[in-house]
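Numbering (our numbering), first residue to last: 2 to 341. Beta carbons: idealized from backbone N, C-alpha and C, even for Gly. The structure displayed is predicted, hence computed values, not measured ones.
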Ligand code: NAI
C-alpha cells in the first residue's frame with residue numbers, strides 16, 4: 002500500500018485530480034490517499050495557502066500528487082509552489098514532451114525530456130531595487146549557480162537518461178555571455194559526462210537551441226539546464242506536443258517528490274467540467290513509475306495515448322468534433338485500461 006499526499010487544488014484542480022485518481026485506482030495499484038489542502042482552498046479554510054498539516058503530510062509520505070493552485074493575489078502570500086520547492090529541496094523538474102498521435106501539431110515525432118534545475122540560478126530570490134530619493138533607478142537580480150547544485154542536477158539527468166534508456170544529453174547554457182554562472186554549469190557538465198561514456202553528450206547555447214527546437218525537435222533527447230532557461234524551454238517543448246493540457250511534470254527532491262500537471266488552475270473554464278485531464282493523468286503515470294509501479298505507469302500512458310488517437314472521447318481542446326467532458330474522457334481511459 003502506497004501512502005500519498007493528495008492536494009486537489011483550485012479551479013479545475015479537483016475535477017482533473019478526481020479523474021486521475023480514478024485512473025490510478027483502475028490499475029489495481031493500492032494507494033491510501035492522504036487528502037490535504039493548499040492554495041486558495043486552504044486560504045478559505047485555514048487563512049493560510051500552505052497549512053502546516055499539509056507540509057507534515059508530505060514530510061511523512063514523501064510523495065505528493067498535486068492539482069494546480071491559484072496563486073492568491075495580494076495579502077503578501079508567497080507562491081506555494083516556490084515554498085514547496087524550497088521546503089522539500091525539489092531540485093529536479095522533469096518534463097517529458099512526447100507527441101500524441103491524433104493531436105494537431107507541427108511535428109508528430111517529438112520525444113524529448115527537459116530536466117530543469119529548480120532551486121537556484123536567476124530564481125534564487127536574491128533581488129533588490131536601487132533607489133535614489135524613493136525613485137527606483139535600477140533593479141538587480143543575482144543568479145546563483147553552485148557546484149553542488151549543478152553536479153546534483155546534471156548527474157540526475159544522466160542517471161535519468163540511463164534509467165529511461167535515452168541516448169543523449171544536451172546541456173543548454175549561455176556560457177559565451179554569462180561566463181561565470183553558465184560557464185561553471187557547462188564545465189561541470191563536461192566533467193560529469195566523462196563518467197557516463199554510454200550516453201552521448203553535447204551542449205547548445207540557449208538561443209540557438211530554441212531555434213533548433215522549433216525547427217528540428219527530433220534532434221533532442223534529454224535537455225539539462227539551469228532554472229530560467231529550463232522554465233522557458235520546457236514550456237516551448239509543451240507547445241511542440243499540443244500545449245499545457247497534455248504535459249506533466251515531476252519535481253524530484255532529496256526529501257520528497259511531487260507530481261503535477263504543468264498548467265495552472267484555468268479559472269476561465271473552472272466549473273464547466275471540460276478541462277482536459279491528460280496532464281494530471283500523465284503526472285499520475287510518472288508518479289507510479291517513481292514509486293516502483295512501472296507496469297501500471299505504462300498501462301496508463303498507453304490507454305491515454307489510445308483515447309487521444311481515437312479522438313471520440315476527448316475534451317474540447319483536443320476534439321475535432323463532438324467533445325466530451327473531463328469525467329467522460331477519464332472513463333474512456335479506464336475502459337481502455339481494462340481492455341489491455
Ligand atoms: P493556466 O494554465 O491556468 O491557463 C492558461 C490557459 O490554458 C487557459 O485558457 C486555460 O483554460 C487553458 N488550460 C489550462 N489547463 C487546461 C486543461 N487541463 N484543459 C483545457 N484547457 C486548459 O494559466 P493562468 O490562467 O495563467 O493561471 C491561472 C492560475 O493558475 C494562476 O493563479 C496561476 O498562478 C496558477 N498557476 C498554477 C500552477 C501550478 O499550480 N503548478 C502553474 C501555472 C499557473
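Closer than 7 Å: is that where the CB of residue i sits relative to any heavy atom of the ligand NAI?
i: residue 253; result: no
i: residue 72; result: yes
i: residue 246; result: yes
i: residue 236; result: no
i: residue 261; result: yes
i: residue 232; result: no
i: residue 269; result: yes
i: residue 69; result: yes
i: residue 8; result: no
i: residue 94; result: no
i: residue 282; result: no
i: residue 318; result: yes
i: residue 21; result: no
i: residue 17; result: yes
i: residue 266; result: yes
i: residue 13; result: yes
i: residue 239; result: no
i: residue 82; result: yes
i: residue 277; result: yes
For residue i, count neighbouring Cβ atoms within 10 angstroms of its own Cβ and tell me buried if that reaches 16, exposed if not.
i: residue 67; result: buried
i: residue 148; result: exposed
i: residue 268; result: exposed
i: residue 142; result: exposed
i: residue 231; result: buried
i: residue 203; result: exposed
i: residue 305; result: buried
i: residue 174; result: buried
i: residue 215; result: exposed
i: residue 41; result: buried
i: residue 264; result: buried
i: residue 79; result: exposed
i: residue 133; result: exposed
i: residue 295; result: exposed
In whole angstroms, what is the alpha-carbon distance linking residue i and residue j?
i: residue 145; j: residue 187; result: 14 Å
i: residue 51; j: residue 86; result: 12 Å
i: residue 271; j: residue 71; result: 11 Å
i: residue 10; j: residue 195; result: 43 Å
i: residue 320; j: residue 307; result: 14 Å
i: residue 191; j: residue 337; result: 44 Å
i: residue 128; j: residue 112; result: 36 Å
i: residue 179; j: residue 327; result: 45 Å
i: residue 90; j: residue 254; result: 5 Å
i: residue 292; j: residue 131; result: 47 Å
i: residue 213; j: residue 234; result: 11 Å
i: residue 60; j: residue 240; result: 33 Å
Contact the region 122–135 vs the region 158–169: 3+ CB pairs below 8 Å: no
At least 3 beta-carbon pairs within less than 8 Å: the region 104–120 vs the region 129–139: no
Three CB pairs or more closer than 8 Å across the region 92–100 and the region 200–216: no
The region 240–257 / the region 278–291 touching (three or more Cβ pairs under 8 Å): yes
The region 208–225 contacting the region 44–60, beta-carbon criterion three pairs below 8 Å: no
Any 3 or more C-beta pairs closer than 8 Å across the region 274–282 and the region 311–320: yes
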